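A short worksheet on the structure shown next.
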Amino acid sequence: MVAAGERRETIARAVGCTVAELEVRFADELEHGAARRRAEIIDIMWRKAREGHPGSIKELVEMTGAAVAERSFLDGADATDEDDEPSAQPAARRRRLGKKEQALVDAEGAGSGTEWGDDLAPPKETLQ
């Protein structure tokens, strides 16, 4: 219940004791319970992601990306000096293309750099 953000009074009522008794008997759970549940949830998400569950994969990518950004911020990586070049700054996140949009982009460049050359390019003039 701590992980869900419940107040200690509510938890004590649910368990059937006073707040003081709750804090004595369940001190470890009150202190570390939320972190343990979060670790358990992340473990489940990793297992689901390995099975190919798209929602879990997306959430983990967002979580780990946020963690990397937070860590680099805390380490001072975002502090810019006058000597820093713009290329050293992290690139902005790009919007991922949908499956059909990606297919169109791939089709436009199909054959370039291969022995097919211009054979796959659309005709320059329309036939009538």
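Quick note: the sequence shown uses UniProt numbering, first residue 1, plus one each step. Glycine included, each C-beta is placed from N, C-alpha and C at the ideal position. Only a predicted model underlies this, so the values are computations on that prediction, with no experimental measurement involved.
Presumed contact (8 Å Cβ cut-off) between residue i and residue j, rounded CB distance
i, j, result
"Thr-18", "Ala-12", "6 Å"
Exposed unless 16 or more other CB atoms sit within 10 angstroms - verdict on residue i
i, result
"Pro-86", "Bear in mind that a pLDDT of 45 at Pro-86, under 50, signals an unreliable position, so the model cannot answer this."
"Leu-97", "exposed"
Contact check, residue i vs residue j, beta carbons under 7 Å
i, j, result
"Arg-25", "Ala-3", "no"
"Asp-49", "Ile-57", "Note on identity: in this sequence residue 49 is Ala, with Asp being the wrong assignment. Their beta carbons are under 7 Å apart, which means Ala-49 touches Ile-57 by this criterion."
"Met-45", "Leu-22", "no"
Local conformation of residue i per DSSP, three classes
i, result
"Ala-12", "helix"
"Arg-47", "helix"
"Glu-115", "coil"
"Glu-108", "helix"
"Arg-37", "helix"
"Leu-97", "coil"
"Val-61", "helix"
"Glu-6", "coil"
"His-32", "helix"
"Gly-52", "coil"
"Glu-21", "helix"
Cut-off 8 Å between Cβ atoms - residues of its own chain near residue i, not counting five sequence neighbours on either side
i, result
"Arg-8", "Val-19, Leu-22, Glu-23 and Leu-30"
"Thr-10", "Met-1"
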